[in-house]
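Below is one structure; the comments refer to it alone.
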Amino acid sequence: MPVSPLNTVEVAQKQLILNILRCFLLLFVSSSFGANGIEPSPQVSQEKIHPLKRFEGRWVVDQKGFSMVWDKQTIQTIPLTGQVSDCRILNTPDALLCEVATPNDPTANSGNITWVWDRSSNKVHWLSHFSPSRYGVGTGELDEKDNLVFRVHFSDEPKSTYRIYQWTWQHDGSYALMSRQYDQDNNKTGNWYGGRFVALTEQK
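Here the sequence shown stands for residues 64 to 267, numbered as in my numbering.
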């Protein structure tokens, strides 16, 4: 049975429409998927999503000990043997609690620090208590490498003073802690303390 010219035109039109649709589909797929046909998935580290998570774990001062100055001139270094900072994310991902204790020395000062990260401002809020009466309140910021800098006021230090705390991550996964005291004119008083902390399971 001969094919009607009208039917031939209709078939050609349908084929043209199908080809156009295929082109649009190919353009959509190529823009939405990678060269290998796999949708690209940016690799975002868990630390960047929840930056405080990097501080989770059990931390101890390394073998060089913890150094401090309380009289503006005399440096003392103590081992802090047995003292452990046990840090964990709370029931919300943007809050971290660090409990500091010395299990083998019940006479040693114990304490705790709570950090809360405000995503909207990238500010980290600090609230702490170390026995018997050292209360701390402060605010800090995280940088792009998850290092922390805080400005903290303590109840047992002169009201006109404050401390700048710095947590700086090292290449080996440890972190360096430095706390310096400043006066009301923003000058260093000469009092400070600090040390390097390593994960308890990695201590050598």
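Even for Gly, the Cβ is constructed at its ideal location relative to N, Cα and C.
In this structure, the straight-line span from the alpha carbon of residue 253 to that of residue 259 is close to 20 Å.
With the rule of 3 Cβ pairs closer than 8 Å, the segment 183-197 does not count as touching the segment 141-148. Here residue 121 carries a strand assignment [DSSP, helix/strand/coil]. Closest by C-alpha distance to residue 223, out of 244, 238 and 207, is 244.
If you draw a straight line from the Cα of residue 141 to the Cα of residue 214, it comes to about 25 Å. The three-state secondary structure of residue 115, taken from DSSP, is helix.
Where residue 157 is concerned, there is no enclosing beta strand (DSSP E), because DSSP gives it neither an H nor an E. One Cα belongs to residue 161, the other to residue 177, and the distance between them is close to 6 Å. For residue 264, the secondary structure class from DSSP, reduced to helix, strand or coil, is helix.
Of the candidates 263, 242, 251 and 250, 242 places its Cα closest to the Cα of residue 257. Of the residues 210, 190, 212 and 163, the one whose Cα lies closest to the Cα of residue 124 is 163. Taking a C-beta distance under 8 Å as the contact criterion, residue 194 and residue 219 do not qualify as a contact pair. Taking the CA atoms as reference points, residue 181 sits about 30 Å from residue 172.
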